[in-house]
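Asks:
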């Protein structure tokens, strides 16, 4: 998800988009996801997908499945989402005439386009789940395992202590939401 702001969810169901918007807007989750992106090379949309598969669908994602899921959106992310993000971030400090009022207006428009590109990526990931490219496990700990699998995939090794702390921020929020849903 873009760090350009928190979009409003238009979905009222358990769609990946609605889940991602809701989770990303929770306290500390955006910062944890951005740190996982910037320090550990993770794709935030794939982190949110991994959490969704575990929390909503109770499905564990194997390393091979994670690689398939990543490959399915890799070109879109690399050729569309990442360049939009790079331009948006670059406009914060330059090149001249940025930063300026005009460049900030452009930056905001690019942020909206970036967010739409991320929404398209999340829709593609949701379609993968719908056609059963990942198998269910019924495991209540699936979201934590899936988040670790995603970080492991991007980092190329087991998550280090810093990454585990960031993963736990997301997982803690998921657990609190599940707990509050059960008590309602």
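In our numbering, the protein residues as written are 1066 to 1249.
For each residue, glycine too, the CB sits at the ideal point set by N, CA and C.
Under 7 Å Cβ to Cβ from residue 1163, same chain only, skipping five residues before and after it: list those, please.
Replies: The residue labelled residue 1163 in the question sits at position 98 within the chain shown. The answer, listed in chain order, is 1156.
Asks: Count Cβ pairs between the segment 1135–1150 and the segment 1222–1238 that sit closer than 8 Å; are there 3 or more?
Replies: The segment 1135–1150 vs the segment 1222–1238: no contact.
Asks: Return yes when the C-beta of residue 1229 is under 7 Å from any heavy atom of the ligand NAP, and no when it is not.
Replies: You won't find the ligand NAP in this model; it holds no ligand whatsoever.
Asks: Measuring straight from C-alpha to C-alpha, what distance separates residue 1189 and residue 1212?
Replies: The residue given as residue 1189 occupies position 124 in the chain shown. The residue given as residue 1212 occupies position 147 in the chain shown. Cα to Cα, the separation comes out at about 19 Å.
Asks: Once the 5 residues before and after residue 1081 are set aside, which same chain residues still bring their CB inside 7 Å of it?
Replies: Taking the first residue of the chain shown as position 1, residue 1081 is located at position 16. Taken in chain order, the residues that qualify are 1114, 1117, 1187, 1190 and 1191.
Asks: How many angstroms separate the CA atom of residue 1122 from the CA atom of residue 1194?
Replies: Sequence index remark: in the chain shown, residue 1122 carries index 57 (1-based). Sequence index remark: in the chain shown, residue 1194 carries index 129 (1-based). About 9 Å.
Asks: Using CA coordinates, which residue listed in 1173, 1177, 1103 and 1112 is at the minimum distance from residue 1134?
Replies: For the purposes of this step, residue 1134 is taken as residue 69 along the chain shown, with counting starting at 1. When each option's Cα is compared against that of residue 1134, the closest is 1112.
Asks: From 1109, 1105, 1104 and 1101, pick the residue whose C-alpha is nearest to that of residue 1086; which is it?
Replies: Residue 1086 sits at position 21 when you count from the first residue of the chain shown. It is 1109.
Asks: With a cut-off of 8 Å on the beta carbons, I'd call residue 1228 and residue 1220 a contact; round off their distance for me.
Replies: In the chain shown, counting from the first residue as 1, residue 1228 sits at position 163. In the chain shown, counting from the first residue as 1, residue 1220 sits at position 155. That belief holds up - the Cβ atoms of residue 1228 and residue 1220 are roughly 7 Å apart, short of 8 Å.
Asks: Roughly how many angstroms separate the alpha carbons of residue 1242 and residue 1091, rounded to a whole number?
Replies: Numbered from 1 along the chain shown, position 177 holds the residue referred to as residue 1242. Numbered from 1 along the chain shown, position 26 holds the residue referred to as residue 1091. Answer to the nearest angstrom: the Cα atoms are 10 Å apart.
Asks: When you compare the CB positions of residue 1231 and residue 1103, do they come within less than 8 Å of one another, or not?
Replies: Along the chain shown, read from residue 1 onward, the residue named residue 1231 stands at position 166. Along the chain shown, read from residue 1 onward, the residue named residue 1103 stands at position 38. Contact flag unset, no.
Asks: Could you check the C-alpha separation between residue 1120 and residue 1160 for me, to the nearest Å?
Replies: Locating residue 1120 in the chain shown gives position 55, where the first residue counts as 1. Locating residue 1160 in the chain shown gives position 95, where the first residue counts as 1. Rounded to whole angstroms, residue 1120 to residue 1160 spans 42 Å at the Cα level.
Asks: Take residue 1076 and list the residues in its own chain whose beta-carbon comes closer than 6 Å to its own, dropping the five residues that flank it on each side.
Replies: As a first step, residue 1076 must be located in the chain shown, where it is residue number 11. Here the model assigns residue 1076 a pLDDT of 39, short of 50, so the residue's position is not dependable and the matter cannot be decided.
Asks: For the candidate residues 1088, 1218 and 1233, whose alpha-carbon lies nearest to that of residue 1128?
Replies: To locate residue 1128, count along the chain shown from 1; it is residue 63. Here the closest residue by C-alpha is 1218.
Asks: Taking DSSP as the reference, what is the three-state secondary structure of residue 1225?
Replies: Your numbering for residue 1225 matches position 160 in the chain shown. Coil, per DSSP.
Asks: Helix, strand or coil for residue 1161 per DSSP?
Replies: Walking along the chain shown from the start, residue 1161 turns up at place 96. Coil.
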